[in-house]
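For reference, the structure is listed below as structure tokens.
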Amino acid sequence: MTVTNAFVKLRRSTSKAESIDSTSGQPQTHPLLRGEGATSKRKIPLVQNDLFCCRDAVDVPKLLRGSRASLLERAENIGANVLVDESWECSIRVPRDRRHGSFKVQVRYHASASRSSLPDPQKPVALDRVQNVSGLMTIVDREELSL
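Just so we're aligned, residue 67 is where the sequence shown starts under our numbering, counting upward by one.
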């Protein structure tokens, strides 16, 4: 094996570890809002796309809550009061030097705005599917990306 081949192999193995991706899977509605007549038939699709810069760790449920809260606020601005058919994707870019670098985390949260006599659960779906980076997270920056 040549030195060049060794570097290429090493680079390939490290590039695979530079990103941690997780997703909620198919769109889901909270059990509280699933029943017949629990929400209005009219649903307006919305998307929230955020880029977080985090130091020391990544607590994905906290970031998802922030993105979902922004989405619910937008829904309320158009007359809705609940989110249904929710799904999310999260991609964590791991810094080369974890002690001095920062994690770039992109969260894309999809949901449909609707109306209901029941309260919104205020909780992201499929939290059992998140992949975190353990430790104490510090959010350094949050940027809302346009679609």
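We put the beta carbon where it would ideally sit given N, CA and C, even for glycine.
None of the values given here were measured: they were computed from a predicted structure.
Is it the case that the Cβ atoms of residue i and residue j are separated by a distance below 7 Å?
i, j, result
"residue 187", "residue 98", "yes"
"residue 105", "residue 180", "yes"
"residue 183", "residue 109", "no"
"residue 195", "residue 90", "yes"
When the Cα atoms are used, what is the spatial distance from residue i to residue j?
i, j, result
"residue 201", "residue 155", "21 Å"
"residue 150", "residue 203", "29 Å"
"residue 137", "residue 163", "33 Å"
"residue 206", "residue 121", "7 Å"
"residue 167", "residue 159", "11 Å"
"residue 161", "residue 145", "41 Å"
"residue 139", "residue 107", "20 Å"
Residues in the same chain with beta-carbon distance under 7 Å from residue i, minus the five sequence neighbours each way, listed in chain order, please.
i, result
"residue 131", "190"
"residue 198", "124, 125 and 126"
"residue 141", "112, 149 and 179"
Taking the alpha carbon of residue i as the point to measure from, which residue in the options has its own alpha carbon closest?
i, options, result
"residue 157", "166, 134 and 119", "119"
"residue 92", "208, 185, 211 and 176", "176"
"residue 208", "102, 128 and 101", "128"
"residue 173", "143, 192, 95 and 117", "117"
"residue 95", "192, 170, 135 and 143", "192"
Problem - Every unbroken alpha helix (DSSP H) within the region 100-145, with a cutoff of 4 residues, ordered by chain - result: Every unbroken stretch of the alpha helix (DSSP H) spanning 4 or more residues and falling wholly within the region 100-145 is given here in chain order: 126-143.
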